[in-house]
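Under the working numbering, the letters of the sequence shown match residues 30 to 353, in that order. Input: a single structure, listed below in structure tokens.
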Amino acid sequence: MIDDRLPLALEKIEISSDGIIAVMHPAIDANLSALPKERILIVSPLATICAHFEAQGYRVTAKVSELARFTASVVCLTRARAETKALLAVAMNQTDGIILIDGQKTDGANSILKALRSRVNVGGSISKSHGKVFWCDGGSDFKDWAVGPALQKCGFWTAAGVFSADGVDPASALLIEALPDSITGRVADLGAGWGYLSAHILTRAAVVEVHLVEAHDMALQCARHNVLDHRASFHWVDAIKWAPSNKMDAVIMNPPFHTGRSVDPTLGRSFITASARLLKPQGMLWMVANRHLPYEKTLMAHFSKVVDLGGNARFKVLRAERPK
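This is the structure:
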């Protein structure tokens with residue numbers, strides 16, 4: 030964990046006594062007390078992480094202004110190598126002092142260290158708690174590592190680090206097949222990602238509003254490329270906490286079920302609870318999930334009727350009616 034490695038690294042390097050220190054993509058449980066809080070800027074595309082650190086008194090932003098300059102940067106490795114490289118490109122371009130890179134070996138710490146050493150002088154590295162922290166000076170040209178949203182073969186824009194970045198998720202495609210043409214009114218797409226479900230629901234003329242609710246800023250940026258209909262609204266917020274002024278006629282969703290690398294069914298259950306709160310008394314929820322995930326009890330606790338619409342060996346499609 031960064032909690033174990035960062036203090037050790039700070040004993041071996043010197044950071045200027047003034048200026049902003051960017052901490053890019055920290056985990057929600059990251060302990061940053063080794064750094065002066067008043068100088069830290071948390072950079073994370075996740076609304077949940079930004080809200081968490083903002084509540085602790087940190088400055089936060091979803092993305093870095095191209096004009097920003099940093100005295101130092103801490104780059105936390107992500108699970109997507111291309112996303113990590115893009116973060117390092119930003120840090121290299123906008124950091125005047127030292128850059129610390131921290132992450133678990135399972136997130137590619139060794140391969141990123143090797144790639145850096147082929148291009149810049151790495152000042153040192155420390156291995157601890159199944160991970161590494163290493164450092165180098167900013168200022169080198171890493172523009173070739175910079176990536177952003179890109180148009181995929183499936184016809185949609187995605188980006189490194191977002192869910193289903195390589196194309197259409199098969200579970201979402203299955204849900205689209207099950208959605209009836211009769212859906213009308215206000216629709217919420219919870220955990221909308223880059224907008225695949227919303228793009229399809231907007232082919233129905235009787236739909237008057239679609240709200241894409243997504244906690245990942247980059248995914249929402251992609252959705253803005255993919256969903257150009259004037260009936261669409263985009264909300265960068267944790268779907269569980271979203272509180273619109275009007276109730277919804279329908280909710281559609283392919284909810285997340287991982288926290289880090291671990292399966293976490295409580296995420297999907299929280300989405301179900303949120304759906305019941307958001308819907309009108311006669312509203313309906315359509316959702317898709319991996320077949321092994323235990324959502325039926327939660328659905329029955331929050332809705333008057335639950336229907337299994339089938340699916341396939343991997344996924345199940347469920348409809349829930351009339352929230353309690």
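Where a beta carbon is used, it is the ideal one built from N, C-alpha and C, also for glycine. Owing to the predicted nature of the structure, the values given are computational and were not obtained by experimental measurement.
State the start and end residues of the unbroken beta strand (DSSP E) segment that holds residue i.
i	result
R215	G214 to L219
K166	Looking at the sequence shown, residue 166 is not Lys but Asp. Here the beta strand (DSSP E) through D166 covers G160 to D166.
A38	Run containing A38: none in the beta strand (DSSP E); it sits in the alpha helix (DSSP H), I31 to L39.
K59	The sequence shown places Ala at residue 59, rather than the Lys named in the question. Unbroken run through A59: none, as it is neither H nor E.
I50	I50 to M53
How big is the Cα-Cα spacing for residue i and residue j?
i	j	result
I50	A120	11 Å
S211	D278	12 Å
Q311	H331	13 Å
A368	W265	Limits of the chain in this structure are 30 at one end and 353 at the other, which puts residue 368 out of reach.
G153	H254	41 Å
P294	F286	5 Å
F263	P284	17 Å
S94	L338	46 Å
F171	T213	48 Å
D175	A115	What sits at residue 175 in the sequence shown is Ala, not Asp. Roughly 4 Å separates the two Cα atoms.
D32	E112	22 Å
P65	F82	14 Å
L257	L203	23 Å
K276	I44	51 Å
V239	E325	26 Å
A349	A342	21 Å
R110	R351	43 Å
I205	M282	10 Å
G126	F163	14 Å
A59	V72	13 Å
Residue j and residue i - do their beta-carbons sit closer together than 8 Å?
i	j	result
G340	R320	yes
D218	L226	yes
L96	A63	no
L117	A244	no
H54	T107	yes
L307	L328	no
I57	I78	yes
L231	A200	no
L241	A221	yes
S299	V280	no
C165	G132	no
S333	K309	no
R88	L70	yes
I155	R34	yes
L142	V151	yes
A248	V191	yes
I128	G160	no
M30	S158	yes
W271	W223	no
C251	P323	no
A144	D246	no
V197	R215	no
T124	S102	yes
Where DSSP assigns a beta bridge to residue i, which residues make up the other side?
i	result
N319	F344
E206	Looking at the DSSP assignment, E206 forms no beta bridge with any residue, so it has no partner.
P352	F332
I128	S102 and C165
A179	T187
V197	According to DSSP, V197 bridges with nothing at all.
D337	L347
L314	V280 and A349
May I ask which residues mark the beginning and end of the alpha helix (DSSP H) holding residue i?
i	result
R298	P294 to L307
I281	No alpha helix (DSSP H) holds I281; the beta strand (DSSP E) holding it covers M277 to M282.
I230	Y225 to I230
L328	E325 to H331
### Message
Restricting to runs no shorter than 4 residues, where is the alpha helix (DSSP H) found entirely within the segment 134-162?
### Response
138-146
#### Entry: Contiguous beta strand (DSSP E) assignments of at least 3 residues, all confined to the segment 66-126
69-72, 88-90 and 101-105
#### Entry: Length-filtered (3 minimum) beta strand (DSSP E) runs lying within the segment 238-271
261-265
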